[in-house]
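Student:
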Amino acid sequence: MQNNAALLVIDVQNDFCTGGALAVPDGDAIVPLINRLAAKFATVVITQDWHPANHISFAANHPGRQPFETTSLPYGEQVLWPTHCVMASHGAALHPNLTIPHASLILRKGLHRQVDSYSAFLEADRTTKTGLDGYLTSRGITALYLCGLATDYCVAWSAEDARTFGFKTTVIEDACRAIDLNGSLAAAWARMGAAGAARAHSAAL
Ligand code: VGL
Ligand code: ZN
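With the sequence shown counted from 1, adding 985 to any position gets you the numbering used here.
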C-alpha cells in the first residue's frame, strides 16, 4: 500500500463478537483477514466503542424500553442497544486474536453520556469531532480503507464521514460483518455509495 493510505479497523471488540453483549453474526470470522490486511499498511488506526455505563444508547438506561427499539433524541433517532462496550470492561477490549502491533493509534469513541458516536470522526450530534481527521491529515494520509464491525453502523458512518473530510474511501466488504436491523445493511451500502465510498474485496488489494 502507498504511504498516503491508512487502514481503519473499526470496533473489533469482544462485545461485537461471539458471546458478546451485542454480537454481530460471524463477527470473529474477519479477525484473521484483518490481521493479514493490516500487515500491508504502514499506518493503521484501531477504534474502540467506549461508553460510560449510564450511556444514552443503552436500552437499560430508558425505563420500560427494550433493546433494538428506537427513540427520538435531540440529535435524531437513536437505536437503543443492549448494554455494550462499557469503558474498561472485558466486552470493550479488542478481540484477543487481533494482532496489529504496528497500529499507531487506538481511538475511543462514544464516551459522552448524552451522545452516541458510531462514526470514528464525528459524534451523532454531527458536530463534535473525535480529532481523527486532524491526526490523519497531519500525517499526510489521503486514502482510507475500512474494515471491522459493524458494516451497517460504525463502519458505514465512519466511511461516510471519511468522505465528508475529503478522504478517498474504500470499504473492504469481506473484512466487515453487519448487524442488519430492519434493512440497515442495504440502506448503509446505499448511503456509502451516494457519499462516494468505494466497495472492494480484499483479494483486489
Ligand atoms: C456499533 C451499535 C452500537 C458498531 C456500536 O460498532 O457498529 N453498533 N455501538
Ligand atoms: Zn456503541
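Note that CB positions come from ideal geometry on N, CA and C, so glycine has one too.
(1) Verify the contact flag: tyrosine 1130, CB atom, against every heavy atom of the ligand VGL, threshold strictly below 7 Å.
(2) Give the secondary structure of arginine 1148 by DSSP, where H, G and I count as helix, E and B as strand, and everything else as coil.
(3) If you draw a straight line from the C-alpha of proline 1052 to the C-alpha of cysteine 1002, how long is it?
(4) Could you have a look at tyrosine 1138 and say whether DSSP puts it in helix, strand or coil?
(5) Looking at the strands, I want to know which residues DSSP matches up with cysteine 1132.
(6) Can you check DSSP and say which residues form a bridge with leucine 1058?
(7) Can you tell me whether histidine 1075 is buried or exposed? The criterion is at least 16 other CB atoms within 10 Å of its CB, across all chains shown.
(8) For the ligand ZN, any of its heavy atoms closer than 7 Å to the Cβ of glycine 1095?
(9) Taking a contact to mean a Cβ-Cβ separation below 8 Å, would you say alanine 1128 touches alanine 990 in this structure?
(10) Compute the minimum distance between the beta carbon of serine 1143 and the heavy atoms of the ligand ZN, and state whether it is under 7 Å.
(11) With DSSP collapsed to three states, give me the class of valine 1029.
(12) Confirm, please, whether the CB-CB distance from isoleucine 1164 to leucine 1190 is below 8 Å.
(13) Enumerate in chain order the residues of its own chain whose CB-to-CB distance from serine 1169 is below 8 Å, with the five nearest sequence positions on each side excluded.
(14) For isoleucine 1019, which three-state DSSP category applies?
(15) Taking 7 Å as the cut-off, is the CB of phenylalanine 1001 close to at least one heavy atom of the ligand VGL?
(16) Looking at the ligand ZN, does it come within less than 7 Å of aspartate 1146, judged from the CB to the closest heavy atom?
(17) Going by beta carbon distance, what residues of the same chain come within less than 7 Å of valine 997, once the five residues before and after it are set aside?
(18) In the structure shown, what three-state DSSP assignment does threonine 1154 receive?
(19) For aspartate 1000, tell me which candidate among Arg1148, Thr1068, Lys1094, Ala1188 has the shortest Cα-Cα distance.
Tutor: Per the coordinate set shown:
(1) By one-based count along the sequence shown, residue 1130 stands at place 145. No, the beta carbon of tyrosine 1130 sits no closer than 7 Å to any heavy atom of the ligand VGL.
(2) Your numbering for residue 1148 matches position 163 in the sequence shown. Residue state, collapsed to three classes: helix.
(3) Counted from its first residue, the sequence shown places residue 1052 at position 67. Counted from its first residue, the sequence shown places residue 1002 at position 17. If you take the alpha carbons of proline 1052 and cysteine 1002, they lie about 17 Å apart.
(4) Position 153 of the sequence shown, counting from 1, holds the residue named residue 1138. Three-state DSSP puts tyrosine 1138 in a helix.
(5) Here residue 1132 is taken as the residue at index 147 of the sequence shown, counted from 1. Beta-bridge pairing links cysteine 1132 to Val994.
(6) Position 73 of the sequence shown holds residue 1058. Looking at the DSSP assignment, leucine 1058 forms a beta bridge with Gly1061.
(7) Counting from one through the sequence shown, the residue named residue 1075 turns up at place 90. By the beta-carbon neighbour count (other beta carbons within 10 angstroms, threshold 16), histidine 1075 is exposed.
(8) In the sequence shown, the residue the question calls residue 1095 occupies position 110. Yes - the ligand ZN has a heavy atom lying nearer than 7 Å to the Cβ of glycine 1095.
(9) Here the question's residue 1128 lines up with position 143 in the sequence shown. Here the question's residue 990 lines up with position 5 in the sequence shown. Yes, these two residues count as a Cβ contact at 8 Å.
(10) For the purposes of this step, residue 1143 is identified with residue 158 of the sequence shown, where counting begins at 1. False, no ligand heavy atom lies under 7 Å from that Cβ.
(11) As a position in the sequence shown, residue 1029 is number 44, starting the count at 1. Note: valine 1029 maps to strand in three-state DSSP.
(12) Within the sequence shown, residue 1190 is the residue found at index 205, counting from 1. Within the sequence shown, residue 1164 is the residue found at index 179, counting from 1. Cβ atoms of leucine 1190 and isoleucine 1164: not closer than 8 Å.
(13) As a working note, residue 1169 is residue 184 in the sequence shown. Around serine 1169: Asp1137, Tyr1138, Ala1163.
(14) Taking the first residue of the sequence shown as position 1, residue 1019 is located at position 34. Helix at isoleucine 1019.
(15) Within the sequence shown, numbered from 1, the residue matching residue 1001 stands at position 16. Yes - the ligand VGL has a heavy atom lying nearer than 7 Å to the Cβ of phenylalanine 1001.
(16) Numbered from 1 along the sequence shown, position 161 holds the residue referred to as residue 1146. Not so, every heavy atom of the ligand ZN lies at least 7 Å from the Cβ.
(17) Position 12 of the sequence shown, counted from the first residue, corresponds to residue 997. Val1016, Ile1019, Leu1079, His1080, Leu1083, Gly1133, Leu1134.
(18) Mapped onto the sequence shown, residue 1154 falls at position 169. Three-state result, threonine 1154: strand.
(19) Mapped onto the sequence shown, residue 1000 falls at position 15. Answer by Cα proximity: Thr1068.
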